[in-house]
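Note that our numbering has the sequence shown beginning at 81, numbered continuously upward. The C-beta atom is built at its ideal place from N, Cα and C for all residues, glycine as well.
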Amino acid sequence: AASCQLCPENFFSPYHGSDMCYKCGTGTASSLKEGSTNCTSTCRVTDNEGVSYDLSSIGAQGQMGPFMPPAVDNVPLRSEYYISICTPMTDGSCRDRAGRFIQPYVCHRDKLTANGSDAGSMLEFQGKEGDLKSFRLVYRAIDRDVPICPDGQRQSTIIEFVCGGKEVGTGAPAMQNAGASSGLLECHRHFTWHSIFACRVCTEADYERVVGPCEADKQTVSWQRMHDPDNPCYEADPFPTQIQACASDLHIPVTLAILFV
């Protein structure tokens, strides 16, 4: 008789009794050693070149939305989207037309019926490459009830993050109309998100060590960030100011030689 096997570590299946396990996407991991129903991200990722990004401040906001797609031929669409960038929605807020609660990262909802559907249950991090200025988060739909797109691919939601300065702040995702001309607007959804958190995480090379004057045998050591407008970074974990003992003066030992005549 057939028996149920739990999905191994870093694989998952959102369906009870399913005969298929899905491999966790790049930058994510299963929540359990065995039998995970989803994979999650810490919102801290590193690309193949060793450049790190930290979206944890955005991820802490939880579910965001609704986001509306742009009108096509001046006709508003019935769709709206809710996004939880690093962890699947487990609060029961996304319910499909059969009344089943699903747990995607991106929930597509019909504004008239309030029915939801999977707009991205598998998250994959894509580092900077080609013309991409920063990085992407790609969410792919795996629900078997979600129709395959006209191009033969599963539906997806893509967020392209673009590094912005402090004046941009957290920013917000803006839905683009990519794919509208080919009828794929609601199959492959594209967002652009300008944010300070989309900038690479600052490293020690971005700081200058500043040593204060010696007072009462103590001195302050601080780190001053060097601003490079062509290569901005985000201070995820600023270097702490330290108090240390003053550096001792160097004493060169002198050897006294006595010449006896």
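- Taken in chain order, the complete beta strand (DSSP E) segments of 3 or more residues contained in the region 290-317 are 298-305.
- Counting the other Cβ atoms within 10 Å of the Cβ of Ala278 gives 16 or more, which makes it buried.
- Restricted to the region 163-245, the beta strand (DSSP E) segments that are unbroken, complete and at least 3 residues in length are 186-190, 196-198, 202-206, 215-220, 236-243, listed in chain order.
- Per the DSSP secondary-structure output, Ala109 pairs in a beta bridge with Thr120.
- DSSP lists no bridge partner for Ile276.
- Between Met202 and Gly115, the C-beta spacing is not below 9 Å.
- Look at Glu160 here: in three-state DSSP terms it is strand.
- Scanning its chain for C-beta atoms nearer than 6 Å, with the 5 sequence neighbours on each side dropped, one finds around Arg175 the residues Phe181, Gly196, in chain order.
- Per DSSP, Gly139 is not a residue of any beta strand (DSSP E); the alpha helix (DSSP H) it occupies stretches across 136-139.
- Residue nearest to Gly292 within the set Cys326, Arg269, Cys282, Pro312 is Cys326 (criterion: CA-CA distance).
- In chain order, Cys101, Tyr102, Lys103, Cys104, Ser110, Ser116 place their CB closer than 8 Å to the CB of Phe91, counting only its own chain and leaving out the 5 sequence neighbours on each side.
- Sequence-distant partners of Thr193 (beyond 5 residues in either direction) whose C-beta falls short of 8 Å from its own C-beta, in its chain, are Arg177.
- Between the region 301-314 and the region 270-288, the count of C-beta pairs closer than 8 Å reaches three or more; the two stretches touch.
- The beta-bridge partner set that DSSP reports for Ala254 consists of Thr272.
- DSSP places Ala325 in the strand class (E or B) of the three-state scheme.
- Excluding its 5 nearest sequence neighbours in each direction, Phe271 has C-beta neighbours in its own chain below 6 Å: Ile239, Pro253, Met255, listed in chain order.
- The DSSP-derived three-state label of Glu288 is strand.
- Take Val242, set aside five residues on each side of it, and the residues of its chain with a beta-carbon closer than 8 Å to its own are Lys213, Ser214, Thr272, Trp273, His274, Ser275, Ala278, in chain order.
- With distances taken between CA atoms, Pro309 lies nearest to Lys246 out of Gln324, Lys298, Lys246.
- Under DSSP, Thr126 shares a beta bridge with Ser132.
- Residue burial annotation: Gln85 is exposed, with fewer than 16 other C-beta atoms found within 10 angstroms of its C-beta.
- Going by C-alpha positions, Ala221 is about 25 Å away from Asn128.
- Under the three-state reduction of DSSP, Met148 is assigned to coil, being neither helix nor strand.
- In this structure, the straight-line span from the alpha carbon of Pro168 to that of Gln322 is close to 40 Å.
- When rounded, the separation of the alpha-carbon atoms in Ala316 and Asp134 is 7 Å.
- Each residue's CA atom was taken as its position, placing Cys313 and Cys166 some 21 Å apart.
- Within the DSSP bridge table, the entry for Phe91 names Lys103 as partners.
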